[in-house]
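A short worksheet on the structure shown next.
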Amino acid sequence: MKNNSQLSILNSQLITKRYGDVQVLKDVSFEVERGEIFGLIGPDGAGKTTLFRILTSLILADSGQATVDGLDVVKDFRELRKRIGYMPGRFSLYQDLSVEENLNFFATVFNTTVEENYYLIRDIYKQIEPFKRRRAGKLSGGMKQKLALSCALIHKPTVLFLDEPTTGVDPVSRKEFWDMLKKLKMEGITIIVSTPYMDEAQLCDRIALIQHGKILSIETPEKIISGFPEKLYQAHSENNYLLLVDLRKSPKVKSAFMSGEYLHVVFNGEADETVPNLKEIAPTIEDCFIYLIEN
Amino acid sequence: MQKNKFSILNSQFSIIEVEDLTKSFGAFTAVDHISFSVGRGEIFGFLGANGAGKTTAMRMLCGLSKPTSGKGFVAGYDIEKQPETVKKNIGYMSQKFSLYEDLKVWENIRLFAGIYGLDGKLISRKTDETLKKIGLMNEKNALVKELPLGWKQKLAFSVAVFHEPKVVFLDEPTGGVDPITRRQFWEMIYEAAEKGITIFVTTHYMDEAEYCNRISIMVDGRIEALDTPRKLKEQFQANNMDEVFRKLARKARRVENGELRIENDGLGIENGELRVENDGFKL
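Protein chains in written order, with this note's numbering: chain A, 2 to 296; chain B, 9 to 291.
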């Protein structure tokens, strides 16, 4: 883990955080390479947001160390904050300022102008520009998200932290958002993004799965899929719910759950050919994560 | 090919019937002559981009907003003439508001079940049953705001079907919920459907759309496609519902909040927007 530190732009060593009795993060160590899109995936309450806040210098870890772009998140926090962009999960721009005023405000705070780095945000900002005089609080979800991303980018950060940026956003806007992230990557910006959605996890260069404050695995999406250790089958019948109930009662079945219009089934040993419409399939990222979390 | 139990709809069993349902706000037609029916116990996915008119349509079906023209029946009641009876026969849950954060878990159940007129003893007995089933018995006395999002959503769904409505409307019920909780949530939906409760659900997640028996996709106020997920994928030669959705939504001229999608070429509408408001409700 230590050897290619000139490549890594973020280095977290044994970060631990506790709130009262709750261990939110436990010995979290990982590195992010310069210019990659790094996904942080995990259930609600896994510690993703706490980790983001520590790495962006907003709260202190109980123990452990982290550097971002060579800067210590505790000692060098002033310099660090100039170099990173952070888009929190909850909309946190000024609701009573207009779209334009919010953007100008953030540019001014970071000692720059909207014009200077406009090329970075042009593609997203032009979509909300027709509403630039509207107050941010009156924007719809998709537009708020675009404004928040514009504000997080206006000082041209080297590392961008995005905490569940697409929750509640429709598929077309989500697609546009991810296309945008790919363009930012081309500009050399490193992106660390959390999401509960597996189709988005697939778009990351590498993914860390986090649960109960611990990182369970860090891999490329391809390796996660190829590492699935069982044979996975799909099945379906006219009534998938009753089929699911039956499968779960069967001693031959190791696990069974719904996945869209099919059930996904893993057997203990040989597949039970009497299960209707049985077919072996390649696992998805979601199957792999559920397997990792449950085993 | 899997035979779908709803491929031939028998109107005798349909629980939602909609014909040419339309809602206009001034010159703006939010919902434009939509027609469909949903069978008893069916899981019906109601999809569309932000601003396509889903929420307006759903509000009419719930008896909260009167149609400009067209007809709609929910659980056998006319949504225009008997909105109060419609409300008694449905359940509703949305991502944005469903439970009172400052009330305890059991108090939320007590409140909603009471509003629907359930008897106090029945409520107490069923409360424990429900909480045991969703694994929240230890949280019975916790404030709802202390629960993780996924737990809240499972509780909200249980509350929405607690009075055993004929139809339950779910407006983006799983936004932001992790995959494991989402699967559990969909199992709850299937279980309710198995009991005969009809599920009418909107979602932005296309992998989730594939859980539905049938799906309609709205574009600019109209239903542009309606079929089983499998048939839609065939029809649009798509590998998944995400592709189907994007092929259809690309045609949309409207965007969020009822604004028009305008390529900033000064079409003569001030600030490039058309904004319509009615009964304090934004499109």
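Every residue gets a Cβ at the ideal spot worked out from N, C-alpha and C, and that includes glycine.
- With its beta carbon at least 9 Å from every one in chain B, A:Ser251 lies outside the interface.
- At a beta-carbon threshold of 7 Å, the residues of chain B lying near A:Glu287 are Pro187, ordered along the chain.
- The beta carbon of A:Ile216 sits closer than 8 Å to the beta carbons of Val29, Ser30, Phe31, Ala209, Leu210 from its chain, once the five residues preceding and following it are set aside; these are given in chain order.
- At a C-beta separation below 8 Å, B:Pro237 has these neighbours in chain A: Gly261, Glu262.
- Between A:Leu204 and A:Trp179, the C-beta spacing is below 9 Å.
- Residue contact with chain B for A:Thr168: present (Cβ-Cβ distance below 9 Å to some residue of chain B).
- Contact with chain B is absent for A:Ser256, since none of that chain's Cβ atoms lies less than 9 Å from the residue's Cβ.
- Across the set B:Glu50, B:Ile51, B:Gly56, B:Ile24, the C-alpha of B:Gly56 shows the shortest separation from the C-alpha of B:Val39.
- Residue-level contact check: B:Met66 does not touch chain A, since none of the beta carbons of chain A fall below 9 Å from its beta carbon.
- The C-alpha of A:Ile60 is placed about 25 Å away from the C-alpha of A:Lys145.
- Chain-order list of chain A residues neighbouring B:Trp194: Met259, by C-beta distance under 8 Å.
- Secondary structure within the stretch 81-112 of chain B: the beta strand (DSSP E) runs of 3 or more consecutive residues, fully enclosed, are 98-102 (chain order).
- Residue-level contact by beta carbon fails for A:Ile85 and chain B, as no gap is shorter than 9 Å.
- At least 9 Å separates the beta-carbon of A:Lys83 from that of A:Ile55.
- Within the same chain, Cβ atoms closer than 8 Å to the Cβ of B:Val152 are found at Leu107, Tyr108, Glu109, Asp110, Leu111, Lys112, Val113, Asn116, Lys160, Leu163, the five residues on either side in sequence being excluded.
- In the same chain as B:Gly78, and ignoring 5 residues on each side of it, the C-beta atoms closer than 7 Å to its own belong to Glu27, Asp28, Leu29, Thr30, His41, in chain order.
- When DSSP states are grouped into helix, strand and coil, A:Ile60 belongs to the coil group.
- Linking B:Glu216 to B:Ala201 through their CA atoms gives a straight-line distance of about 16 Å.
- A:Leu52 is classed as buried because its beta carbon has at least 16 other beta carbons within 10 Å across all chains shown.
- Around the beta carbon of A:Val110, fewer than 16 other beta carbons lie within 10 angstroms, which makes this residue exposed.
- Here DSSP, grouped into helix, strand and coil, assigns B:Ala38 to strand.
- Taking 7 Å as the Cβ-Cβ cut-off, the stretch 241-260 of chain B approaches chain A at Asp250, Phe253, Arg254, Ala257, given in chain order.
- Pairing A:Gln128 with B:Phe36, the inter-Cα distance amounts to about 22 Å.
- Under a 10 Å Cβ-count criterion, A:Ser227 is classified as exposed, with fewer than 16 other Cβ atoms of the shown protein chains found around its own Cβ.
- In the displayed model, B:Tyr213 falls within coil according to three-state DSSP, outside both helix and strand.
- For B:Gln103, the residues of chain A that pass the 8 Å Cβ criterion are Gly169, in the order they occur in the chain.
- A:Leu81 is a Cβ neighbour of A:Thr57, given a cutoff of 9 Å.
- In this structure, DSSP gives A:Gln14 an extended state, which the three-state scheme calls strand.
- Between the stretch 80-100 of chain B and the stretch 164-177 of chain B there are three or more C-beta pairs closer than 8 Å, enough to call the two in contact.
- Taking 9 Å as the CB threshold, A:Pro197 lines the interface with chain B.
- Within the stretch 203-214 of chain A, no residue has a Cβ lying closer than 8 Å to any Cβ of chain B.
- A straight-line Cα-Cα distance of about 20 Å links B:Leu126 and B:Lys140.
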